[in-house]
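Data first, discussion second: the structure below is written as structure tokens.
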Amino acid sequence: MGDAPERSGPYSEPMSEDALLTSLLAAVEANPDDVPLRVHVAEQLANQGRMTDALRHCTEAVTRSPGDPAALGLLRRLSGELAGPDRAAVPGSGPPTAPDAPAAAEPDTSDGSGMFDWTSAEDQVADLGGKAEAAPAQDPTGGSPTIEDIERPTVRLADVGGMAQVKERLELAFLGPMRNPSMAKAFGKSLSGGLLLYGPPGCGKTFLARAVAGELGASFYSVGIADVLDMWTGSSERNLAAIFRAARRNAPCVLFLDEIDALGQKRSRLQFNAAMRTTVNQLLYEMDSVDSDNEGVFVLAATNLPWDIDPALRRPGRFDRMLLVLPPDGPARRAILDYHLRDRPAGKLDLDKVVKATEHFSGADLAHLCTSAVERALAESMRDGRLHPLSTDRLLAALREVKPSTGPWFATARNVVTFANTDGTFDDLAAYLKKNRQL
Amino acid sequence: MSDAERAVERVAQLRQVRRYTEAERTARDALVGDPQDADLLLELSAVLLSLDRPAEGLAAAEAAAAAEPENERAHRLRGLHLSRLGRHPEAVRAGYQSVTLAPDEPYAALGYATVLRKSGRLADALATAQRAAELSPTLVDAHLILAEVHDALGHRAAARASYQEILRLEPDHAVARHDLAVQDLRGHRAGAALRGLLDAGALDPTIDVLVGNVGAVLWRVAYFLRLGMIGATVAVLASAGSGPAAVRVVTALVLLAAVGAGVVARRRLPSAAPSALVAALRAEVLLALSYLVLAAGFGIFVLVLVTGLGGLAVLNWAVAIVAMLLGVGANLVRRARRP
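Residue numbers (our numbering), protein chains in the order written: chain A, 249 to 687; chain B, 98 to 436.
Next up, the structure:
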């Protein structure tokens, strides 16, 4: 591969692979809508082992032209290779990965800390989730919108940088009993019921849910409000029932209900909204599993607004376990900063200083911080015509502009702990607020 | 059903589940294909009203009104956005146009009443709110605006009745519960007010004035404690002439009464009360200082009980004065902070 030099025009000199790629990338940038060109670039990148970049271009191509067979074929091949040797070895899934090609989903240990860059992984898995890694539907009826998004995540809890406390709680409260059912039974611990992840937005709840699926070796099935809510009376309930049916058929399966506060909001607020009330009732019914067995269906849900959820959903057998997912801790922040600062011209950076100064920042806030610092450096470089690399000072200066977006969430959380924690539901949150002197 | 109609339904649904950002995106995406669709423009305007972006919401409502000049909702939304922008005369005109176009539409009356109240025309707002409640007796928002207008006019009993009607229709209506608690506080029913605020907080912890209002309840209680302390000090000083035994008996009675009242209050209050009270004390330094001073007054009574020296109770005059000054200071601070 790549031996034969390609010409960009009749008079051009033969180019090395790098030069060719550079020129192709420039062409793609100039013509972002040129799908065949983009697919070609993705192929070249894949051939050079730059799987993440290849996947990005390929996804772009599919987004711009969803039915393009070349793009879809390449996407299938890339996702197979990214999913690891097991999937890559499936006959017909595309050529095997080159032995020296770095696996894109492997932990990034470049900083020497052994921490996985979970933001990068989340991005990659997010791409795989909806499009690339959609497993073939096993539903005999076929065509159901409810099962087409099933994926089999390869990420594990070990891939999550930092967040040791959350991982430990997850292991003790959910994964441990699932792995040791007889021991859990001996201690009277029920295996039924779901787990509710809650916390400020942008703090990795979805990624953690995927990691849980990875730990359990189960399929991951993410359901958003768009998959359930329907304008026709009765349709939302039918959608929900179909989703649970599909999950049961695909067991073992992690059924992840995102933004559960929308699907399961307090019925007391829905007195004059019969359609939404019945949707909540249906959710309760499916969680109880009166007619069907939820064996092998691990129901996980995430919300930024746990206080808006109908209390009936938190009763035993439903979402009786809650896990607070807080803004990334120090090691996780470092991993996120590493990821966002990769491939940027940077001098010697004291990331520990930045990590210390970014307490309560969400992943998105950290990305914003890096972008702001990069913009400053770029502006300065353009002003005097020489390269000013990113520095610790520039990152710290950007902190004056970027404030943590989790503030309003914690302001409400304070009220929740003060007024609505009589049953101890939010004790974890109370402890965190107390520890951080916010209560 | 056309694409635009489907999008309208979708936006309405997203608005219902309070996914405003997604609703806005859906509406704007759909408008690319049909930029003159009045229903889509109105859904977008309604979303922007919920997001409190009146300038953009007004533009959408005006575009809808231009496309369909006889559409009542377009003028209603125009009025509401104009009102938020402080352009009250125009808002009232738009509201009037809306009720003229649909005199039997409760939401038109509700919108017009809201606009009238904000423009300061309380008597007209009252009549319009009453009309909205007549048109749709189960429309909770009509009773809410009615209660607010009654309250603004000083009709406390009528306001209370409206809040109670809301709670009859929707027992978990946090705003009504909160506002009723504020009525209790104004009526010097501190215990009921605190219970109401705690209930409202449990129903909807996102109400941002909760802790501040719990603080207001504590200020009211501090006022009564101050009065009680002055009365008790007079009694102890009066008993000073009868010797240490009499002083001890009177002081013991005072302290017993204080402790007894505290125990009864604690038993009557919901379990969330301590954390709410602590939060309120932490939020206001002057309030916390005021209670520290009152605790010092209690300590002085204990000292009198131990020593039998009634004259020591004189110190409580100083305590009462400091507590009063702290109260005055807090009032000044609150007024200065008021927009």
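All C-beta atoms, glycine included, are put in the ideal place defined by N, C-alpha and C.
Positions of the alpha helix (DSSP H) runs, each at least 4 residues long and wholly inside the stretch 470-515 of chain A, are given as 473-476, 483-497, 508-511 in order along the chain. DSSP, reduced to helix, strand and coil, places F468 (chain A) within a strand of the structure shown. Residue environment: F435 (chain A) is assigned as exposed (fewer than 16 neighbouring CB atoms within 10 Å of its CB, all protein chains considered). Residue pairing from DSSP places I557 (chain A) in a beta bridge opposite A:Q513. Going by DSSP, T551 (chain A) is part of the beta strand (DSSP E) stretching over 545-551. In summary, the residues of the stretch 373-389 of chain B whose CB is separated from some CB of chain A by less than 7 Å are A373, A376, in the order they occur in the chain. The DSSP-derived three-state label of L638 (chain A) is strand.
In this structure, A659 (chain A) lies away from L548 (chain A), with their beta-carbon atoms at least 7 Å apart. A contact is defined here as three or more CB-CB pairs under 8 Å, and the stretch 582-594 of chain A meets this definition with respect to the stretch 604-619 of chain A. The C-alpha of V314 (chain B) lies about 34 Å from the C-alpha of G512 (chain A). In the three-state reduction of the DSSP assignment, R257 (chain B) falls in the helix class, which pools H, G and I. With contacts defined as CB atoms closer than 7 Å, L207 (chain B) and D248 (chain B) fail to qualify as a contacting pair. By the neighbour-count definition (other C-beta atoms within 10 Å, threshold 16), I398 (chain A) is a buried residue. Residues of chain B with a Cβ closer than 7 Å to the Cβ of I473 (chain A) are, in chain order, V114, R116. In the structure shown, the three-state DSSP call for E202 (chain B) is coil. DSSP lists A:F468 as the bridge partner or partners of E399 (chain A). For L571 (chain A), the enclosing beta strand (DSSP E) has its first and last residue at 569-572. Interface residue (Cβ-Cβ distance to chain B less than 7 Å): L477 (chain A) is classified as such. Under the three-state reduction of DSSP output, L146 (chain B) falls in the helix class. At a C-beta separation below 8 Å, M524 (chain A) has these neighbours in chain B: Q113, V114. Of the residues A:A495, A:G611, A:G544, A:K683, the one whose Cα lies closest to the Cα of P579 (chain A) is A:G611. Around the Cβ of N669 (chain A), a 10 Å sphere holds 16 or more other Cβ atoms; the residue is buried. Contacts with chain A (Cβ-Cβ distance below 9 Å) from the stretch 299-315 of chain B involve A299, L300, D301, P302, T303, I304, D305, L307, V308, V311, listed in chain order.
Excluding its 5 nearest sequence neighbours in each direction, R365 (chain B) has C-beta neighbours in its own chain below 7 Å: G288, listed in chain order. Around the Cβ of D301 (chain B), a 10 Å sphere holds 16 or more other Cβ atoms; the residue is buried.
The beta-bridge partner set that DSSP reports for A594 (chain A) consists of A:L638. The way I'd put it, the stretch 169-181 of chain B does touch the stretch 144-155 of chain B; three or more beta-carbon pairs between them come closer than 8 Å.
A distance below 7 Å separates the beta carbons of G472 (chain A) and D506 (chain A). Its chain contains L294 as the residues whose beta carbon lies nearer than 6 Å to that of N310 (chain B), once the 5 sequence neighbours on both sides are disregarded; these appear in chain order. Each residue's CA atom was taken as its position, placing S653 (chain A) and D613 (chain A) some 7 Å apart. Within the stretch 638-667 of chain A, the residues whose Cβ lies closer than 9 Å to any Cβ of chain B are, in chain order, A659, T660, A661, R662, N663, V664, V665, T666, F667.
Residues of chain A with a Cβ closer than 9 Å to the Cβ of E267 (chain B) are, in chain order, S516, R517, Q519, F520. Residue environment for F321 (chain B): exposed (fewer than 16 other C-beta atoms within 10 angstroms of its C-beta). Sequence-distant partners of A421 (chain A) (beyond 5 residues in either direction) whose C-beta falls short of 6 Å from its own C-beta, in its chain, are R569. Nearest Cα to A230 (chain B) within the set B:A244, B:R122, B:V403, B:G405: B:A244.
Exclusion of the five residues before and after V144 (chain B) leaves V108, R112, Y117, A120, E121, A124 as the residues of its chain whose Cβ lies within less than 7 Å of its Cβ.
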